[in-house]
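What follows is a set of notes on a single structure, which appears directly below.
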Amino acid sequence: MKEIKKNIEKLIFEPLQGILAVSLFYFFSCFKPETASWMGGKLALIVSPIISQNKRALANIQLIYPKLNKSEQLKILYETIENLGRNAGEYPHLGNIEKFITVKGKENLPDNSVAFIFVAAHLANWELTPYPGISMNRPIMRVYRKLNAPLAEWILRKKQSPLPGEVVPKGNKGAIKMLSVLRSKGIVLLLSDQRLNTGIKIDFMGKPANTLTSPAVMSLKLKCPIIPLQIIRKKGSFFDIIIHPRIDLDKFKGNKETKIKNIMVEINKIISSWIEEHPGQWFWHHRRWKV
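Residue numbers for the sequence shown follow the working numbering, so the first one is 2 and each next one is one higher.
This is the structure we're talking about:
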């Protein structure tokens, strides 16, 4: 039965998802960025009752915020759904919304000759996190998870990103490419709030969660700094991108494994604080606490 269900999903639902994703991409590209963003948010809210993944998002919100009443939990969910819809509307315009973005904390950037790692999260429109590379005149390589719908993956990801830097799917290829970029004095950006089947189990938002270790591993291996990169949706399609001071790696003592764990604990604390600031801007739909 599971095999039949899997085949039906692969042969029917995934192509339909791909057609829908590509259709929305070209539909939203016909409008101004701010209009597409607004339309995407409203459309997401309209169709939200039939999207089964929203049940998982609400369950995650209830897990992390059990003391909130139902209306407060739903408020976070609806803000999350609208934010995701806005992201979809903004996606065709990623290279054309400079006037909506304010970059803060540029003084925290190292010299152009220094390789470093940006750690960010699935907050606001995380597709914009490589944007500081434009003002730095340096490409930012980032790793992404392949889309479930192969058609959408083939069409949307084959398009050259309007933001500087290579986009590589996660996995062995991505890991090799990250090391190569850092050894060449480049910049790597990692969305460090993703769940992995591997990794280490440490707290995230107060609950144990499998956590990727690649930022800590690469930083220790190549002696490159880790810089937290936060994005906040201010109003509508306006954003602040905040470059925070680098993490003090010298304070982490012990053997290699201990250092890796404590660095990732620190990163999880930082990202958790960002989510606490704007819980309705985080991607609650992840299976983040499935350990």
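Beta carbons: idealized from backbone N, C-alpha and C, even for Gly.
Quick check: the region 99 to 117 against the region 129 to 144, are there 3 or more CB pairs under 8 Å? yes
Is the distance from the Cβ of residue 223 to the Cβ of residue 242 below 8 Å? Contact: no.
If you reduce the DSSP assignment to three classes, tell me which class residue 103 lands in. strand
Please name the residue in 34, 79, 257, 69 whose C-alpha comes closest to that of residue 55. 79
Could you pull out every residue in the same chain whose Cβ sits closer than 6 Å to the Cβ of residue 177, ignoring the five residues on either side in sequence? Taken in chain order, the list of residues that qualify is empty.
Does the separation of the CB atoms of residue 248 and residue 191 fall below 8 Å? no
Under 8 Å, do residue 250 and residue 264 count as touching if we go by C-beta distance? Cβ atoms of residue 250 and residue 264: closer than 8 Å.
Counting Cβ pairs closer than 8 Å, one from the region 201 to 210 and one from the region 92 to 111, do we hit at least three? Contact between the region 201 to 210 and the region 92 to 111 is absent, because fewer than three Cβ pairs lie under 8 Å.
Do residue 188 and residue 141 have their CB atoms nearer than 8 Å? yes
Across the region 41 to 51 and the region 73 to 92, are there enough close Cβ pairs to call them in contact, namely three or more that are closer than 8 Å? The region 41 to 51, when compared against the region 73 to 92, does touch it at the 8 Å Cβ threshold.
What does the alpha-carbon distance come out to for the pair residue 70 and residue 215? 37 Å
Assign residue 231 to one of three DSSP states: helix, strand, or coil. strand
Helix, strand or coil at residue 211 according to DSSP, with G and I counted as helix: strand
For residue 196, the first and last residue of its enclosing alpha helix (DSSP H): Per DSSP, residue 196 belongs to no alpha helix (DSSP H) and is neither H nor E.
Distance between beta carbons of residue 275 and residue 62, contact taken as under 8 Å: No, residue 62 and residue 275 are not in contact; Cβ-Cβ is about 16 Å, not under 8 Å.
Exposed or buried, what is residue 53 when buried is set at 16 or more other beta-carbons lying within 10 Å of its beta-carbon? exposed
Hey, out of 278, 273, 132, whose CA is closest to residue 103's CA? 132
When the Cα of residue 186 is compared with those of 31, 225, 37, which residue comes out closest? 225
Is DSSP giving residue 169 helix, strand or coil here? strand
Distance, residue 121 Cα to residue 130 Cα: 7 Å
Residue 266 - DSSP class collapsed to helix/strand/coil: helix
Rounded to the nearest angstrom, what separates residue 239 and residue 31 at their Cα positions? 20 Å
Based on the DSSP output, what are the partners of residue 124 in its beta bridges? 283
Between which two residues does the beta strand (DSSP E) carrying residue 143 extend? Residue 143: member of the beta strand (DSSP E) spanning 141 to 145, first to last residue.
Return the CA-CA distance between residue 40 and residue 81, expressed in angstroms with no decimal places. 15 Å
Answer yes or no: do residue 123 and residue 283 have a C-beta to C-beta separation smaller than 8 Å? yes
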